[in-house]
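K.L.:
Let me begin by handing over the structure; questions about it come next.
There are 4 protein chains.
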Amino acid sequence: MEPITQGELVAVRRELHRHAEPGWCEIFAATKVVNTLTQLGWQVQFGEEVISRDARMGLPAQATLDFYYQQALAAGADPKIADRLRGGFTGVVGILKGMTKGPTVAFRFDLDANQGVEAAAPDHFPAREGFGSIHTGVHHNCGHDGHTSMGLGLARAITMMRETLTGEVRLIFQPAEEGLRGAKAMVAAGVLKDVEYFVGCHLGVQALAVGEIVAGYNNILGSVKLDIEFTGQGAHAAISPHVGRNALLAACVSAQNLMAIPRHGEGDTRINVGSIKGGDSRNTVPSAASMIVELRSDNEVALQYLKEAADRIVTGAAGMHGVTSRVEQVGESRAASSDPELSKVVALAANDVPSVTKIRDAVDFKGSDDAAEMMRTVQSDGGKAVYFGVGTELNAVHHNPYFDFDERALSVGVEVLKRILPPLGAAKS
Amino acid sequence: MEPITQGELVAVRRELHRHAEPGWCEIFAATKVVNTLTQLGWQVQFGEEVISRDARMGLPAQATLDFYYQQALAAGADPKIADRLRGGFTGVVGILKGMTKGPTVAFRFDLDANQGVEAAAPDHFPAREGFGSIHTGVHHNCGHDGHTSMGLGLARAITMMRETLTGEVRLIFQPAEEGLRGAKAMVAAGVLKDVEYFVGCHLGVQALAVGEIVAGYNNILGSVKLDIEFTGQGAHAAISPHVGRNALLAACVSAQNLMAIPRHGEGDTRINVGSIKGGDSRNTVPSAASMIVELRSDNEVALQYLKEAADRIVTGAAGMHGVTSRVEQVGESRAASSDPELSKVVALAANDVPSVTKIRDAVDFKGSDDAAEMMRTVQSDGGKAVYFGVGTELNAVHHNPYFDFDERALSVGVEVLKRILPPLGAAKS
Amino acid sequence: MEPITQGELVAVRRELHRHAEPGWCEIFAATKVVNTLTQLGWQVQFGEEVISRDARMGLPAQATLDFYYQQALAAGADPKIADRLRGGFTGVVGILKGMTKGPTVAFRFDLDANQGVEAAAPDHFPAREGFGSIHTGVHHNCGHDGHTSMGLGLARAITMMRETLTGEVRLIFQPAEEGLRGAKAMVAAGVLKDVEYFVGCHLGVQALAVGEIVAGYNNILGSVKLDIEFTGQGAHAAISPHVGRNALLAACVSAQNLMAIPRHGEGDTRINVGSIKGGDSRNTVPSAASMIVELRSDNEVALQYLKEAADRIVTGAAGMHGVTSRVEQVGESRAASSDPELSKVVALAANDVPSVTKIRDAVDFKGSDDAAEMMRTVQSDGGKAVYFGVGTELNAVHHNPYFDFDERALSVGVEVLKRILPPLGAAKS
Amino acid sequence: MEPITQGELVAVRRELHRHAEPGWCEIFAATKVVNTLTQLGWQVQFGEEVISRDARMGLPAQATLDFYYQQALAAGADPKIADRLRGGFTGVVGILKGMTKGPTVAFRFDLDANQGVEAAAPDHFPAREGFGSIHTGVHHNCGHDGHTSMGLGLARAITMMRETLTGEVRLIFQPAEEGLRGAKAMVAAGVLKDVEYFVGCHLGVQALAVGEIVAGYNNILGSVKLDIEFTGQGAHAAISPHVGRNALLAACVSAQNLMAIPRHGEGDTRINVGSIKGGDSRNTVPSAASMIVELRSDNEVALQYLKEAADRIVTGAAGMHGVTSRVEQVGESRAASSDPELSKVVALAANDVPSVTKIRDAVDFKGSDDAAEMMRTVQSDGGKAVYFGVGTELNAVHHNPYFDFDERALSVGVEVLKRILPPLGAAKS
C-alpha cells in the first residue's frame with residue numbers, strides 16, 4: 209500500500225465538492241467513505257447503527273431527503289449502502305484495532321455542504337476547474353469536502369501503520385454539522401463510548417496560510433438553534449381589528465425582548481434573531497409569523513439561562529397578543545475548549561512535519577462547531593479532546609459564495625493527524 | 209319655609225370648598241347633608257346602609273381615612289353621624305314620598321374633591337375670598353362643591369313642593385366620583401332599586417356660560433382604572449445581571465403593548481398609561497415597578513375587550529421577564545347616554561326658567577363620569593336616565609389648579625332641577 | 209338598438225373574470241371598454257390622456273406590465289389601443305353630451321382584479337363554469353368584473369336615452385382600485401373637471417341579497433398605503449455583533465410603535481402592519497427588512513396625523529438602530545361620505561326598478577375605496593357625490609378565494625344607474 | 209513621633225462614619241485631612257487647586273452643597289479651610305518630597321459616603337456603638353471612611369520615614385467616587401502630573417478576611433453614568449390623546465432598546481436602566497419622564513460603542529414619539545487593570561507584614577471604581593498603577609444598610625501601604 213498522494217486527496221475533495229449534499233442528505237459522500245474504509249479493511253458501521261433516530265435535529269423535508277438519495281444513486285452510489293443511509297442516517301464510523309491494548313482515539317470529520325448559491329464566475333476556482341456544486345443552492349463553503357478528504361487520507365495512513373497500533377482508532381464521519389444538528393445523534397448512538405482521546409480539525413479558521421497549524425481552539429461557543437412559530441388569527445384590519453390575534457406583533461415583541469435578555473455575569477453570551485417572516489396582506493391582521501433564532505455562550509450555565517429566558521419571552525409575547533407559539537430546537541452543541549495536553553501533542557506532531565512552517569498556540573474559536581459537543585462528551589467521561597486548525601489561504605471567508613481553500617493544505621493536515629497517534633500511546637513511534 | 213337663596217347656595221358651596229375632602233373621606237360634607245336633609249324632614253340613610261362594603265374601589269390608606277375623620281370632628285361634625293360615615297362609608301340618601309303613588313325619581317350629586325394643589329394666588333377667586341381648601345393637595349377642582357350645594361338647594365325646593373308630590377324622590381349624594389370609585393358601591397347597596405327616572409347634572413361641561421343648559425350628555429365613556437404592580441428581583445447590574453428579574457422592563461413592555469392594543473371595530477377606545485415608577489438605584493436591576501392605567505370606551509363590549517387584552521398583556525410581559533404582576537381595578541364605570549325622552553324633559557324644564565338663556569341639544573360628553581354607572585343601572589332595569597349640563601364660565605378647565613365656576617350657576621341649576629319633576633309625573637305642576 | 213340583456217352582461221363579466229388583470233395591467237379589459245364605447249358612438253379618451261403619469265402609485269414591475277400586455281395581445285386585444293394603454297395607463301373615459309345644456313354627471317367603475325389564488329374546486333362557480341382566472345395568483349375577488357360589465361351596460365342604456373340627455377355624461381373606467389392607486393392619477397389628469405354629480409357603486413357591500421339597494425355609503429375610510437424598507441449592515445452574529453446594524457430590529461420596533469400611535473380624539477383610526485420580512489440567515493445580523501403598512505381614518509386630519517406619526521416612528525426606529533429607512537406611499541384615498549341629496553336620488557331611482565325589493569338608507573362603508581378620492585374631489589369643487597350599494601348574495605366575503613356574486617345583480621345595477629340621470633336634471637324623464 | 213495606633217485609626221474612622229457626607233460635600237472629612245497633613249508638615253493643596261471646576265460631574269443641588277457646608281461648620285470645621293472646599297471642591301492632595309531625587313508615587317483614597325438609609329438596629333455595629341451616620345439617607349456603606357482613615361495613618365507612617373524618602377509621595381484624597389464623578393476632575397487639575405507609580409486599595413472586595421491581601425484588581429469595568437430626560441406634551445387622554453406627546457412611552461421604548469444593544473465581540477458589556485419615573489395623572493398623557501442609566505465594559509472601544517448606541521437610541525425613541533430628550537453624563541471612569549509589576553510589589557510588601565496571613569494573586573474586580581480613571585491616566589503617561597484589596601469580613605455586602613467591616617483591617621492596610629515605597633525606589637529600605 210502506498211501513502212495517499214496529494215493528487216488523490218484533491219480528486220476526492222473535488223468529487224465531494226461537485227456532489228455537494230446538505231446535512232442528513234450526504235448519501236454520496238457517506239457511501240464513498242463506507243467503500244473506502246471497507247476496502248482498507250476497517251470495520252465499518254453506518255446508518256442507524258451510528259445515528260440515534262430520536263436525537264437527530266433539524267431534518268430537512270422528506271422530499272429533500274428523497275431527492276439526494278436519488279441523486280446519489282444516479283451518481284453511482286451502491287444502493288445496498290445508500291438504502292441504509294437514506295432518510296437521515298448518513299453517519300459512518302470506521303474502527304481499526306491495534307495488535308495490543310492501548311487507548312481508544314477518535315478522529316472526527318464532517319460531511320455536509322451548506323446552504324447558499326456557489327459563485328459560478330471564472331474567478332472562483334471550483335467553477336473554473338469544473339467541479340462546482342451540481343446542486344444549486346447547496347455547496348461546500350465551509351471546507352467539509354476537504355475535511356472528509358483528509359479523513360480518508362488519514363484512514364490510508366493509519367492502515368499503513370497497522371502493525372504499530374497499540375490501541376483502537378475510530379474515524380467518525382459526521383453528517384449535519386451546519387446548524388449543529390448531527391453530533392448529538394452520533395453521541396447518543398454510542399460512537400464515543402470508551403474514547404480516551406478525541407481529535408478534530410478545521411481548515412482555515414484563524415490559520416490563514418498553508419503550513420500553519422493552530423494547536424488547539426478554545427472557547428468554542430456552545431449554541432442552540434431555535435425555529436419559532438406564532439399562530440394567531442387573521443381579521444380585516446379596518447372592519448374588525450379586535451377580532452384579529454396578531455402573530456406578527458408577537459414575533460416583533462419577542463425579537464426585541466430576546467435581544468434584551470440581560471448579559472450573564474459568568475459567561476459571554478450571543479443572541480441573534482436571524483429572520484422574521486410574517487403576514488401576507490396589507491389589510492389583514494397577520495395570523496402567522498416565523499422566526500429563526502440562535503443563542504450562544506462560552507458557558508453552559510449561561511447557555512441554559514439563555515434558553516430558559518427565550519422560552520419565557522416567546523411564551524409571554526404570545527400570551528400578550530393572544531396567539532400560540534411553538535419553539536423547536538433544531539440544533540445544539542455545547543461549549544468546549546481543547547485540553548492543553550492534547551494541544552501540546554498536536555504541536556509536537558506538527559513539529560515533525562516538514563511542510564509545517566508555523567505552529568500557533570491555542571486561540572479562541574469565536575464561533576460554534578458541532579465538534580464541541582463531542583469534545584464535551586469525551587471530556588465529561590474523563591477523556592481529553594482537541595480541535596485544531598489546519599492553515600490555508602482562503603479566497604473568501606467561510607460561508608461566502610466565493611469560499612475556497614488551497615488544496616495543498618490537505619496533505620499537511622493528513623501528515624499532522626497521523627503523527628498524533630504515537631505520543632498518545634496509541635501507536636509505537 | 210322659604211326657597212333657598214343664592215346667598216345660601218354660595219355659603220354652602222364655599223364651606224364645602226374650604227373643607228375639601230378626597231373620595232371616601234367626605235365626612236364633613238356628608239354630615240352636613242345628613243343634617244340638612246334631617247332638618248327638612250326627609251328620611252335619611254347613610255353610611256353602610258347606602259354603601260356596599262365590598263363594592264367600594266380605590267379606598268385610600270387607613271391613615272388618610274382617619275385624618276379626614278379627625279378633621280371633620282375638629283370642624284364641628286356631629287360624632288354620632290361621623291362615626292357611621294368613617295372608614296369609607298360617606299354616602300347619603302334622602303327620601304321623600306309623595307302623597308299619592310307615582311314614579312320614583314332619583315337625583316344624584318357627588319361629594320368629593322380631587323387631588324391637586326389649589327392655586328393660592330389672588331387671581332384665584334377662592335384664594336382671594338378666603339375659602340381656598342384647607343387641605344393642601346386636595347381641592348374642589350371639578351365643581352362637586354357646587355353639585356352638593358345644588359343638591360341641598362333642590363332638597364329645600366322639593367320639600368316646599370311636598371304637597372304636590374305624586375311619587376317618591378330620592379336625593380343621592382355619592383362619594384368618590386373621581387376615579388369612578390363610588391357609584392358601584394351605592395348601586396350594590398340598592399339605592400337605585402325601583403328608580404324609574406334618574407337625573408344628574410354637571411357644571412361647566414361644554415356649557416360655558418351661566419344661563420346655558422345642555423339637555424343631555426351622550427356617549428359618556430365607560431372606563432376602567434387599573435393599578436398594576438410588577439415584582440421581580442434585584443441584582444448587581446454588573447456582577448450578576450442574570451440573577452435579576454427586571455420588573456421595570458416588564459412595565460415598559462406592558463406600556464408599549466397596552467398602547468398597541470388594536471382598535472375595536474365596534475366602538476371608540478382609549479388607553480392611557482398615566483405613570484410608571486420603577487427602580488431606585490442606577491446599578492441595581494429594578495426589582496419593583498408600578499403603573500397606573502385607564503381604559504375607556506363608548507361601547508361595553510369594547511371596554512371588556514380592553515380589559516381582557518390588558519390582563520393578557522400584563523401577564524405576558526411579567527412572564528417574559530420572570531416577574532410577577534398584580535392588576536387591581538381601582539375604579540370602573542360603564543358607558544352611558546342620556547335617554548332622549550328625558551333630555552326633552554330637561555329642555556322643557558329649562559325653558560320655564562327665566563335665568564336660562566340658551567338650551568342646547570344633547571352633546572357628547574367626551575370624558576367619563578361615575579354617574580354613567582348609575583344611568584346604565586337604571587336603564588338596564590327599564591328606567592330612563594339623563595345627565596345634563598349646567599352652564600357656567602370657567603376660570604380654568606376642570607382639574608386645573610385655577611378651576612373655578614361662576615356661583616350664579618347654582619341658582620340656575622336648582623331652578624331647572626326642581627322643574628323636572630312635574631313632567632315626569634312625579635309632582636303635580 | 210336594444211337594451212343590454214342579462215345574458216350579455218353575464219358574458220362580459222365572465223370574459224373579464226377569465227382574463228383577470230391586476231392594477232395598471234388591465235389592457236384586455238380597457239381595450240374592451242374602448243371598443244364598446246367607440247362602437248356606441250361615445251367620445252372616448254384613454255391612456256395617458258386620462259392618467260397622469262406622475263400621480264400613479266404602486267406600479268408593478270416592468271416585467272409584470274409587459275406580461276399582461278402580451279397576454280392581452282394574445283387574447284385578441286387591438287394593438288393600436290393596447291399600445292396606448294400599456295406601461296400603466298389603463299384608464300378609459302367615455303363622454304356623451306346631451307342635446308341641451310345641463311349638469312355633467314360622472315359614473316365611475318373599476319377595472320382591476322386582485323392578488324390571490326382563485327379557488328379551483330367545483331363548488332366555486334367560476335371554476336365549475338370554466339371562466340376561472342387564467343392568471344394564477346390574480347383573480348376578480350372583489351366584483352370589479354361585474355362593475356365593468358354594469359358600466360358597459362349603462363353605456364348602452366344611456367346611448368339609448370341620448371335624445372333625452374340635457375347635460376353631459378362621463379363614464380370613467382378606473383384602473384388599480386385595489387391598493388387605492390389609480391383614482392388620484394385620473395383626477396390629476398382632469399377627468400372630473402366640471403363634474404357636478406359623481407356616482408359610483410359596489411356589489412355586495414352590506415347589501416347581501418339581489419334586489420337590495422343601499423342608497424349611499426358613508427364614512428368610507430380614507431387610507432394611506434406605505435411600503436417601508438430598512439437597510440442596515442450584516443455581521444457575524446457571534447464574532448462581531450457590534451458591527452451589525454440590525455434592520456430587522458428597526459422594523460420590529462417600528463411595527464410595535466406604529467400599532468401604539470395614540471387614538472385620535474376627532475376621528476376613528478386604523479393601523480395595520482400587514483407583513484414584515486427581514487433577515488436571511490440564522491447567524492447573521494439582519495441587514496434588510498421590509499414592511500407593508502396601511503393607515504386609515506374617517507377624518508382627513510386624523511389620517512394626516514397618522515401619516516406624520518408613522519414617518520416619525522420609522523425614522524426614529526431606524527435612527528435607534530443605526531439603519532436607514534425609506535417610506536414609499538403606494539396608495540392613497542381620502543375619506544368620504546355620500547351626499548344625502550344624492551342618496552335620495554339613488555333611492556328614488558331604485559324605487560322605480562321592479563327588480564328592487566328593498567332600499568336601505570345610507571350606512572357606514574367600514575372599509576376604504578378609491579372611489580372616495582373622486583368623491584372628495586367633486587365635493588371639494590362644489591359638486592355632489594354618492595357611492596351606493598348593489599345587493600347580491602356572496603358565496604364568500606370579498607378578497608376570499610371563493611368570492612362570487614349572483615350575476616342577476618348586474619341587471620338590477622344597470623336599471624338603477626340609468627334612472628339616476630333624470631332626477632339630476634341630466635336627462636328628461 | 210509615634211506610629212498611628214489601631215485606636216487612633218478606629219477613632220478617625222468612626223468620626224468620619226458619624227459625619228457621613230455625600231460626594232462633593234465632604235467638607236468635614238476634607239477639613240480633617242487638611243488639618244492632619246498640615247500638622248504632619250506636608251505641603252497641602254486643596255479646593256479648586258486640585259479640582260477642575262468644569263470637569264466635575266454629577267454635582268448635587270446647591271441646597272445640598274450648602275447644607276453639608278453648614279453641618280461641617282457646626283461640627284467644628286475651620287471656616288478658613290471649609291470656605292475653600294465648599295461648593296463642590298472637596299479634594300485634598302498632600303505632598304512630601306524626599307531628600308534625594310526618585311520616583312513620584314501617588315496613593316489615592318476616597319472620601320465620600322453613599323446614598324442609603326443606614327441600619328439603626330442594635331445588630332448593626334455603628335448603631336450599637338453610637339457612631340451611625342447623623343445624616344439620614346447618607347452613610348458610609350462602601351468603606352471609604354476606612355480608606356480615609358488608612359490614608360491618614362499612611363501619612364503618619366511616611367512622615368516617620370521622611371529621612372529615607374528618595375522621591376516624592378503624593379497622598380490624594382478624592383471626593384465623589386460613588387457615581388464615578390470625582391477622579392476626572394482631580395486628573396484635569398493635574399494632580400497626577402509626573403506620577404510614575406499609582407497605588408490605590410479597597411476594603412473587602414473579594415478579600416473577605418482580615419489578614420488577606422489581594423495583590424491587584426484586574427478588569428475594573430469602565431463605566432458611564434447617564435441621566436436622561438424626555439419632555440413631551442400632556443393632553444387629556446380621552447378627549448385629545450392625539451395632542452399629547454408621550455414622554456413616558458419614549459422612555460419605555462428607550463429602556464427596552466438600551467437593553468437590546470447588541471453584545472460587543474471584543475469586550476464584555478453591561479447595561480442597566482436603574483429607574484424610570486414618568487407621568488403623574490392617570491388621565492393625562494405623560495409629558496415628562498426621567499431615566500437613570502449606566503453602561504459598563506472592560507474594553508474602552510466597547511464602552512464608546514455603548515455610549516454611541518445609547519445616544520442613538522434615546523434620540524430615536526424621542527423622535528418616534530415627538531418628544532425631546534436630554535442626555536447628561538453624570539459620571540465616568542475608564543476600564544483599567546493593575547500592572548503585574550506593581551501587583552508583585554504589593555505582594556512583596558504584604559509578605560513582610562506579620563498580620564498578613566494570605567496573599568492572593570490579582571483577580572477580576574467585576575465592578576467599577578473611579579480609581580481606574582486615575583490608573584488609566586498614569587498608565588497612558590507611561591507609569592504603572594495598582595489597585596489592591598485589603599481583606600476584611602463584611603457584615604453585609606457593599607451598599608447594604610448593614611454594611612460594616614472589621615476595623616482591624618485598617619492597621620493591616622497601613623502596614624502594607626507603607627512597605628510599598630522601598631521596592632519602588634521611593635524610599636530606602
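Chains as they are written, first to last, in this note's numbering: chain A, 209 to 637; chain B, 209 to 637; chain C, 209 to 637; chain D, 209 to 637.
Don't be surprised by glycine CBs; every beta carbon is placed ideally from N, CA and C.
Because the structure is a prediction, the values reported are computed rather than measured.
(1) Taking 7 Å as the threshold (beta carbon to beta carbon), is residue 273 of chain A in contact with chain C?
(2) Is the stretch 388 to 403 of chain A touching the stretch 298 to 315 of chain A, taking contact as three or more C-beta pairs under 8 Å?
(3) Could you have a look at residue 601 of chain A and say whether DSSP puts it in helix, strand or coil?
(4) So, using beta-carbon positions, are residue 391 of chain B and residue 581 of chain B closer together than 7 Å?
(5) Could you check what DSSP says for residue 585 of chain A in three-state terms: helix, strand or coil?
(6) Beta-carbon of residue 570 of chain C versus every beta-carbon of chain B: anything under 7 Å?
(7) I'd like to know whether the C-beta atoms of residue 349 of chain A and residue 324 of chain A end up nearer to each other than 7 Å.
(8) Which term fits residue 251 of chain D, buried or exposed, when burial requires 16 or more other beta carbons within 10 angstroms of its beta carbon?
(9) In terms of residues, what are the limits of the beta strand (DSSP E) holding residue 504 of chain A?
(10) So, are the CB atoms of residue 317 of chain B and residue 407 of chain B less than 7 Å apart?
(11) What residues are listed by DSSP as bridge partners for residue 541 of chain D?
(12) Between residue 306 of chain A and residue 635 of chain A, what straight-line distance do the alpha-carbon atoms span, to the nearest angstrom?
(13) Taking contact to mean 3 or more Cβ pairs, one atom from each stretch, closer than 8 Å, check whether the stretch 475 to 485 of chain A and the stretch 504 to 523 of chain A are in contact.
(14) Please look up how many angstroms separate the CB atoms of residue 412 of chain C and residue 585 of chain C, rounded, as I've assumed it's under 8 Å.
(15) Given a cut-off of 7 Å on the beta-carbon distance, is the pair residue 522 of chain B and residue 531 of chain B in contact?
(16) Using a threshold of 7 Å, state whether the C-beta atoms of residue 577 of chain D and residue 428 of chain D are closer than that.
(17) If you check the beta carbons only, do residue 541 of chain B and residue 570 of chain B fall under 7 Å apart?
(18) So, using beta-carbon positions, are residue 482 of chain A and residue 459 of chain A closer together than 7 Å?
(19) At the level of alpha carbons, what is the spacing between residue 267 of chain C and residue 526 of chain A?
(20) On a Cα-Cα basis, can you pick out the residue from A/442, A/558, A/602 that is closest to residue 568 of chain A?
(21) Quick one: what does DSSP say residue 302 of chain D is sitting in, helix, strand or coil?
(22) Using a Cβ-Cβ cut-off of 7 Å, state whether residue 687 of chain A counts as contacting chain C.
(23) Give me, in chain order, the residues of the same chain whose beta-carbon lies closer than 8 Å to that of residue 246 of chain D; leave out the 5 immediate sequence neighbours on both sides.
(24) With 7 Å as the limit, tell me which residues of the stretch 439 to 467 of chain A have their beta carbon closer than that to any beta carbon of chain D; keep them in chain order.
(25) With DSSP as the reference, please indicate the residues paired to residue 254 of chain C in a beta bridge.
(26) At the level of alpha carbons, what is the spacing between residue 394 of chain C and residue 260 of chain C?
P.N.:
For this structure:
(1) no
(2) yes
(3) coil
(4) yes
(5) helix
(6) no
(7) yes
(8) exposed
(9) 496 to 505
(10) no
(11) D/431
(12) 8 Å
(13) yes
(14) With a Cβ gap of about 25 Å, residue 412 of chain C and residue 585 of chain C do not count as contacting.
(15) no
(16) yes
(17) no
(18) no
(19) 36 Å
(20) A/558
(21) strand
(22) Because chain A here runs from 209 to 637, residue 687 of chain A falls outside it and cannot be looked at.
(23) 252
(24) 464, 467
(25) C/300
(26) 6 Å
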